[in-house]
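K.L.:
Chains H and B, in that order, are what the protein sequence lines are. Per our numbering, the very first residue in the first sequence carries number 1; after that it's consecutive. Per our numbering, the very first residue in the second sequence carries number 1; after that it's consecutive. Don't be surprised by glycine CBs; every beta carbon is placed ideally from N, CA and C. Keep in mind that this is a model prediction, so the values were computed, not measured.
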Amino acid sequence: MERRVRDWLAAAEMRESLEISARRIGMIILALLFAAIFLKVSGYPPSAVVRGIFLSLTRDAAGTVRWATPLILSGLAVCVTYKAEIYNLGVDGQLYMGAAAATVVALLLPDADPFLSRVAVFAAAMAAGMLFALIPALLKVYLDTNEVVSTMLLNFIAALYVDYLVTGPLRDTSTGANLNASPIIPRNTWLPRISYLAPSSANVGFYIALIAAVAIAFMFKKTTLGYEIKIVGANSRFASYGGIRPQRTTLQVMGLSGAIAGIVGAVEVSAVQHRLLAGFNPDFGFDGIVVSLLANHNPAGVVFSGLFFGALKNGGANMERITDVPSAVTKIVMAIIILTISARAALPKLRQMLKRSARGDNA
Amino acid sequence: MSGRAEHRTGAAYAVEMLNIRKEYPGVVAADDASLYVKEGEIHGLIGENGAGKSTMMNILYGMIKPDRGIIRLYGRDVVIGSPRMAIEHGISMVHQHFMLMPNMSVLRNVILGRTPVRRGLIDVAAAKTAIGAIMEEYDLHVDLDSNVYQLSVGEKQRVEIIKALYRESRILILDEPTAVLTPSETNKLMEVLTKLKNQGRSLIFITHKLREVMALTDNITVMRRGVVTGRTPKSETEISALSTVMVGREVDLEIPRKPYRPGECVLDARGISALNSRGLPALRDVSLTVNRSEIVGIAGVEGNGQSELVEVIAGMLSPTSGSVIYKGTDITGTSVRYRRENGISHVPEDRLRRGVAKTCTVSDNLILNRYYQKGYAKMGIIDNRKLRDLSERLREEFAIKTPDTGYKLSTLSGGNMQKVVFARETQMIPDLLIAAQPSRGIDIGAMEYIHGQIIAVRDSGRSVLLVSAELDEILSLSDRILVMYEGRIVARLPRGETDEREIGEYMMGARSKDGEACA
């Protein structure tokens with residue numbers, strides 16, 4: 001009897017997940033169709049979008065890996081807090097701060113040991129992201145501020161702070177070029193790229209993202225912190241009745257989330273740009289929300305949805321390269337695709353999530 | 001059982017549910033169950049939690065589709081696909097958890113779905129007249145302009161009944177309507193229900209309080225495990241017979257206990273004052289002690305400070321003054337976890353809001369007070385297998401009805417959820433067990449079990465602080481009885497030297513006898 005019930009449940013779960021997958025694939029096809037129609041109407045070959053994406057799945061898989069790396073990490077940063085019913089919309093700001101810290105530390109270590117200097121760069125970035133994420137967390141714990149609002153507003157501060165750094169104290173004056181960027185960081189601090197994917201900027205950060213996904217999955221399944229996060233998210237009154245302090249859990253998940261966001265900044269600086277560049281971040285943080293939602297906030301799922309969005313992003317770049325579609329149109333096409341997919345898969349959940357946070361159930 | 005139900009003719013049935021079957025994975029919630037409700041009667045539908053009463057009523061109200069079976073209203077076959085259709089058929093349901101919009105006025109809640117309109121606007125005057133007439137006729141008074149969230153539980157229930165009457169329902173389903181009421185409110189409700197019956201309406205009264213069934217109903221249907229196990233006119237049965245049919249064995253609510261020999265003092269609360277969540281004084285200078293081998297019962301109408309008292313002792317609320325001494329140490333400022341580690345267990349009054357996490361698994365709910373402890377976790381890494389073994393052991397020991405502790409807690413009935421709470425809280429071998437409203441919303445079988453657990457804690461030389469709004473429960477379990485009224489202890493009465501009436505008077509504030517702290 002027990003056995004039968006368990007089998008039945010397993011079968012039902014399987015059916016359900018197949019159904020969800022089928023629905024998501026249908027949605028992707030629909031999204032591509034919308035994009036093609038838009039291209040046709042605008043007078044460009046409608047096949048461009050399919051060709052672009054096809055390329056990013058085949059010959060240019062390296063580009064997909066490059067874009068998937070920050071997207072997976074941002075997705076993980078979001079999913080960590082989501083389980084505790086806390087919504088970190090400030091991954092962008094935290095990754096900017098991480099990038100800034102990474103750059104400063106890298107510039108201070110021109111001749112250090114390559115391994116140690118890379119460790120130092122990443123540690124600094126994680127610390128900076130964590131500290132920046134702790135600001136809204138502390139505001140929430142002590143002043144009951146809604147973190148959805150505070151994290152989002154702090155993004156502007158971080159972005160403008162990076163602008164200030166690269167136009168002021170960190171500006172590269174050596175070349176005379178009029179670029180809002182820091183000097184190139186020393187080679188010993190560069191995170192290696194993946195050699196067989198050259199010449200793309202796909203880098204070792206991808207492995208870091210995979211390890212992070214495994215670590216987060218382990219954290220959820222096998223640690224006391226994971227249990228506490230689950231309980232606080234499910235019913236914070238129950239948690240505090242049982243002696244768990246939800247406030248402490250809030251600080252822990254926000255800190256963790258910020259640290260992961262900091263890694264994104266460090267990867268972008270030390271492996272892709274090799275310098276701090278104004279506006280280097282194309283909203284990875286917000287894409288991370290969609291990545292995490294599409295994966296149902298499951299760390300393993302985040303890897304796949306991150307790869308998928310990486311392919312999309314890269315597909316846009318390819319489309320621009322192989323056709324004469326201007327970049328503005330490409331951006332619109334990609335926006336159409338992301339909107340269509342997230343509208344069905346993610347928006348209801350997003351709405352629910354905002355509603356819950358607005359009610360302030362976690363107080 | 002044969003496929004077709006015997007079809008009774010003769011008396012006019014308002015509701016016939018014939019051979020209803022509803023199966024969920026692993027459970028048959030209704031198994032060829034048939035229910036016959038006459039016109040102009042109060043029909044008691046009784047059974048333990050999970051017996052299938054709610055399933056039957058949710059089917060009748062169109063919220064669940066049966067796998068099989070026929071529903072007949074006043075002799076005509078009908079298909080009820082949604083609550084809306086049920087309402088059109090003249091069926092109303094007063095749910096245990098009220099289905100009202102808290103931020104809307106009473107008036108708007110009542111007229112929802114049947115709004116009088118004049119020139120495109122809500123005709124407030126007409127609505128008020130119509131509702132006023134109903135309130136007058138049945139002596140059900142509620143302020144129509146106040147918002148629902150401002151109402152007391154009893155008033156909210158009145159709004160639900162007014163709503164049903166306003167819709168001119170002929171069939172009323174009441175799901176455990178007295179569970180949330182004080183004794184006097186219950187009496188009032190019974191009067192209203194009798195009046196409705198005398199007008200020819202049919203009422204289905206779901207409960208597991210057998211005394212009320214005997215007081216109120218005309219005919220009784222008993223369910224157990226999805227099957228109808230008994231069907232009888234009230235006049236031909238009695239409480240003990242009903243409870244035997246309901247539980248499937250004889251129930252003994254008089255639990256044997258060791259003679260009263262209180263030991264050393266475990267809890268000594270001195271002069272506690274505290275504010276409630278709205279910042280108003282809830283406790284005023286409350287002192288009490290609980291000794292080993294005794295159960296101290298706190299009686300009182302809910303909202304007289306009992307909740308705050310429990311929270312102060314459990315460590316979830318800081319008192320504004322006073323101190324909590326536990327086993328000789330002042331623990332006033334310590335954390336919940338410190339107190340739990342030192343042997344204070346707590347069964348909270350609001351099971352769903354505080355006692356469990358519904359969306360988590362049964363196992364997650366069982367391990368809340370242990371998951372981090374030595375033997376189950378090392379350096380923050382949990383030994384999931386050990387915790388699983390622990391929860392499976394608790395499941396067996398406490399007879400929690402679920403095939404596997406990996407199931408979501410929300411799949412359990414109320415009684416089984418309470419067993420989960422008790423399993424978790426009493427397995428720690430507490431020196432002090434705080435049990436608040438331990439039998440709320442659970443059936444006789446589970447109640448018997450839980451009362452047995454409470455007595456077992458006492459008999460093993462540990463102490464229990466029992467808080468209950470049910471006088472029966474207080475009287476049958478407590479060695480000493482304290483009565484709370486408006487944040488104060490107004491009476492201290494020893495077991496056996498008092499009765500329901502005397503306690504009732506103290507509860508209502510009609511009498512007061514300020515006792516001093518005991519030794």
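Measure the C-alpha to C-alpha separation of H/PHE238 and H/ARG59 and round it to an integer number of angstroms.
P.N.:
Between H/PHE238 and H/ARG59, the C-alpha separation is close to 52 angstroms.
K.L.:
Taking the C-alpha atoms as reference points, what is the distance between H/LYS313 and H/THR175?
P.N.:
Their backbone Cα atoms lie some 32 angstroms apart in a straight line.
K.L.:
Tell me the DSSP secondary structure of B/LEU475 in three-state form.
P.N.:
In the structure shown, B/LEU475 sits in a helix (DSSP, three-state: H, G or I).
K.L.:
How many whole angstroms separate the CB atoms of B/GLU20 and B/GLY62, which I take to be in contact at a CB cut-off of 8 angstroms?
P.N.:
The residue asked about is misnamed: residue 20 of chain B is Ile in this sequence, not Glu. So it is not a contact: roughly 13 angstroms between Cβ atoms.
K.L.:
Below 8 angstroms between beta carbons: does that hold for H/LEU170 and H/LEU256?
P.N.:
Not closer than 8 angstroms, so no.
K.L.:
Can you tell me where the beta strand (DSSP E) with H/LEU55 in it begins and where it stops?
P.N.:
Here H/LEU55 belongs to no beta strand (DSSP E); instead the alpha helix (DSSP H) covers 48-57.
K.L.:
Could you tell me whether any Cβ in chain H is nearer than 8 angstroms to the Cβ of B/MET316?
P.N.:
Taking Cβ atoms only, chain H reaches closer than 8 angstroms to B/MET316, which makes this a yes.
K.L.:
For B/ALA399, decide whether its Cβ has a neighbour in chain H, counting only Cβ atoms nearer than 8 angstroms.
P.N.:
Judged by the 8 angstroms Cβ criterion, B/ALA399 is not in contact with chain H.
K.L.:
Rounded to a whole number of angstroms, what is the C-alpha to C-alpha distance between H/VAL291 and B/VAL420?
P.N.:
Roughly 37 angstroms between the two C-alpha positions.
K.L.:
Could you confirm whether any beta carbon from chain B is found closer than 8 angstroms to the beta carbon of H/TYR227?
P.N.:
Output row for H/TYR227: interface = yes.
K.L.:
Identify every residue that forms a DSSP beta bridge with B/VAL554.
P.N.:
Nothing about residue 554 of chain B can be read from this structure; chain B reaches only from 1 to 519.
K.L.:
When the distance is taken between beta carbons, is B/HIS43 closer than 8 angstroms to B/LEU193?
P.N.:
In this structure, B/HIS43 does not lie closer than 8 angstroms to B/LEU193 by Cβ.
K.L.:
At a CB-CB cut-off below 9 angstroms, which residues of chain H make contact with B/VAL336?
P.N.:
Under the 9 angstroms cutoff, chain H gives SER240, TYR241, GLY242, GLY243, ILE244, ARG245.
K.L.:
Count Cβ pairs between the segment 88-107 of chain B and the segment 149-160 of chain B that sit closer than 8 angstroms; are there 3 or more?
P.N.:
A contact exists between the segment 88-107 of chain B and the segment 149-160 of chain B.
K.L.:
Decide if H/SER17 is buried, meaning its Cβ has at least 16 other Cβ atoms within 10 Å, or exposed.
P.N.:
Per the 10 Å Cβ criterion, exposed.
K.L.:
In whole angstroms, what separates the C-alpha of H/LEU165 from that of H/ALA158?
P.N.:
Taking the straight line from one Cα to the other gives about 10 angstroms.
K.L.:
Could you name the residues of chain H that B/GLY380 contacts, counting a contact when the two beta carbons are closer than 8 angstroms?
P.N.:
What B/GLY380 touches in chain H: THR223, THR224, LEU225.
K.L.:
What number of angstroms, rounded off, separates the C-alpha of H/ALA123 from the C-alpha of H/VAL267?
P.N.:
Answer to the nearest angstrom: the Cα atoms are 12 angstroms apart.
K.L.:
Can you tell me whether DSSP reads H/VAL291 as helix, strand or coil?
P.N.:
Helix.
K.L.:
So what does DSSP say about B/HIS451, is it helix, strand or coil?
P.N.:
Looking at B/HIS451 - three-state DSSP - the assignment turns out to be helix.
K.L.:
Looking at chain H, is there any beta carbon in it that lies within less than 8 angstroms of the beta carbon of B/ASP431?
P.N.:
Cβ-Cβ to chain H under 8 angstroms: no for B/ASP431.
K.L.:
Mind pulling the alpha helix (DSSP H) runs of 4 or more residues that sit fully within the segment 70-140 of chain B?
P.N.:
Correct list: 83-88, 106-111, 124-138.
K.L.:
Tell me the rounded alpha-carbon separation between H/ALA198 and H/TRP190.
P.N.:
Going from the Cα of H/ALA198 to the Cα of H/TRP190 covers about 15 angstroms.
K.L.:
Any idea what DSSP makes of B/GLY263, helix, strand or coil?
P.N.:
B/GLY263: coil per DSSP, three-state reduction.
K.L.:
Determine, using beta carbons only, whether B/ALA29 and B/GLU23 come nearer to each other than 8 angstroms.
P.N.:
Cβ distance < 8 angstroms, so B/ALA29 and B/GLU23 count as in contact.
K.L.:
Please go through the same chain and pick out, in chain order, the residues whose beta-carbon is closer than 7 angstroms to the beta-carbon of H/SER305, but skip the five residues on each side of it.
P.N.:
So the list reads GLY75, VAL291, LEU294, ALA295, once near-sequence residues are dropped.
K.L.:
Strictly below 7 angstroms CB to CB, what residues from chain H border B/THR359?
P.N.:
Ordered by position in chain H, the residues that pass the 7 angstroms Cβ test against B/THR359 are ALA234.
K.L.:
Taking Cβ positions only, does B/VAL347 come closer than 8 angstroms to chain H?
P.N.:
It does not: the Cβ of B/VAL347 has no partner Cβ on chain H nearer than 8 angstroms.
K.L.:
At a Cβ threshold of 8 angstroms, is H/ILE231 touching chain B?
P.N.:
Yes, H/ILE231 counts as interfacial toward chain B.
K.L.:
For the candidate residues B/GLU397, B/TYR449, B/GLY52, whose alpha-carbon lies nearest to that of B/THR207?
P.N.:
Here the closest residue by C-alpha is B/GLY52.
K.L.:
Check for me: the beta strand (DSSP E) holding B/VAL296 runs from which residue to which?
P.N.:
Note, B/VAL296: beta strand (DSSP E), 295-299.
K.L.:
Taking DSSP as the reference, what is the three-state secondary structure of B/GLU16?
P.N.:
DSSP places B/GLU16 in strand when its eight states are reduced to three.
K.L.:
Straight-line CA distance for H/LEU225 to B/LYS65?
P.N.:
If I take the Cα positions, the gap works out to 42 angstroms.
K.L.:
Just the chain B side, please: which residues come within less than 7 angstroms of H/ARG237 by C-beta, in chain order?
P.N.:
Under the 7 angstroms cutoff, chain B gives ARG353, ARG354.
K.L.:
Is it buried or exposed, H/PHE132, if we count other Cβ atoms within 10 angstroms and call 16 or more buried?
P.N.:
Classification of H/PHE132: buried, given that the 10 Å Cβ count is 16 or more.
K.L.:
Alpha carbon to alpha carbon, what distance is there between B/GLU191 and B/ASN198?
P.N.:
Computed Cα separation, rounded: 11 angstroms.
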